[in-house]
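In the numbering used here, the protein residues as written are 879 to 1291.
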């Protein structure tokens, strides 16, 4: 059990008890906190609070954005705000302007009186599975969007696959964060080597951060035995090593920053290449990827700035948001990350909602805010996607596996 957390039952209001919430469920939360079901939305993904105090939730699976109006009784009435879109995912506001990231574009809408109207393009022609050069193959088509304090728009463009080197020279480049300047203009790479930066948000100081899903099935990169092996293990796919490598990056983006992929991977091991090494997941350096950069010939990994913070390998961070007041001490400022959990690690990396405190102008180490979605045998009843602080001082969590939105409430809220 994560330190400092206690088990509580998830409250399920009448009419919201469809599977998997038809059985009693518990989560692990800070003492005195509670969690209840706020709404049921199949395949709910990212979320954003509108200026009128309603919660918008994207549903890429059916091309819609859903609007949730709190009913004052712990639940919400819901309606479809937008429909017929191409895998809408990222949502954010700048004043009363709503930004929606579809798989192939970002548009703005005028949001007023509970309606989104007057769509206008910010950037079009983003790659997705329909792009002619991809032939229907695109593993990370969902896009996220953030707006900086100067009005610049940032959009995440995931990689085609696990180690698709051609993404780096595509137009526009994939595995990158693109930036559209204030007032509009062509989208240009802001950060590169970002395999799948689904988590994308602006911090209290105006800096842009991403939470990254790094690569799978990494080959052991060092020319020495791993564990009890005899002879060099370099180039082998070793299950024990894969489970813990590479860690998932949580990084501040600066113009031109390179987060390494596909040539370098963040390596948190205190003893590099040693089986069972402890990991230090702050200020994480990089090691070469043996498949693409065996001898550092493509990119000198030592020249890359360390990753500020990291999550365990295959955690699959998705939604990223920042809190700047409104929550109790200890959680008043920092980052919330929806951790989806691993699909290919054994035992699976558990889903959770993580919190990174804002410290000294950056993020401190990861803490678990909500756990308990995975049973001891590795089975799961829920998988958080995003967590956003609400105007009522609670945290709202989307879960695409359970088809739910939860309200996580501190004491007396």
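Cβ atoms here follow ideal geometry from the backbone N, Cα and C, with glycine treated the same way.
The beta carbons of residue 1115 and residue 1087 sit no closer together than 8 Å. DSSP places residue 1086 in the uninterrupted beta strand (DSSP E) bounded by 1086-1089. The straight-line gap separating the alpha-carbon atoms of residue 1009 and residue 909 is approximately 49 Å. When secondary structure is reduced to three states using DSSP, residue 995 falls in the strand class. Along the segment 927-955, the beta strand (DSSP E) occurs as fully enclosed runs of 3 or more residues at 933-937 and 942-948, listed in sequence order. Around the C-beta of residue 1039, 16 or more other C-beta atoms lie within 10 Å, and the residue is accordingly described as buried. Unbroken beta strand (DSSP E) stretches of 3 residues or longer found wholly inside the segment 1038-1068: 1054-1058, given in chain order. Counting only residues of its own chain and dropping the five nearest sequence neighbours on each side, residue 1259 has a CB closer than 7 Å to the CB of 898, 903, 1251 and 1280. If you look at residue 1230, you'll find it in the beta strand (DSSP E) that goes 1230-1237.
Within the same chain, 1104, 1111, 1112, 1113, 1114, 1115, 1116, 1119, 1151 and 1168 come within 8 Å of residue 1098 by CB-CB distance, once the 5 residues on both sides are set aside.
DSSP places residue 1262 in the strand class (E or B) of the three-state scheme. Where residue 1120 is concerned, the enclosing alpha helix (DSSP H) starts and stops at 1117-1121. Taking the CA atoms as reference points, residue 916 sits about 39 Å from residue 1156.
Collapsing the DSSP output to three states places residue 1167 in coil. The C-alpha of residue 1133 lies about 31 Å from the C-alpha of residue 1247. Sequence-distant Cβ neighbours of residue 1031 in its own chain, meaning closer than 6 Å and more than five residues away, are 1000, 1025 and 1058. When DSSP reads this structure, residue 912 sits in a beta bridge with 1287. Rounded to whole angstroms, the separation of the alpha carbons of residue 1255 and residue 935 is 31 Å. In the DSSP assignment, residue 1143 falls within the beta strand (DSSP E) that extends over 1142-1144.
In this structure, DSSP gives residue 1282 an extended state, which the three-state scheme calls strand. Judged by DSSP in its simplified three-state form, residue 1195 adopts strand. With respect to the 8 Å criterion, residue 1266 and residue 926 are classified as neighbours on the basis of their beta carbons.
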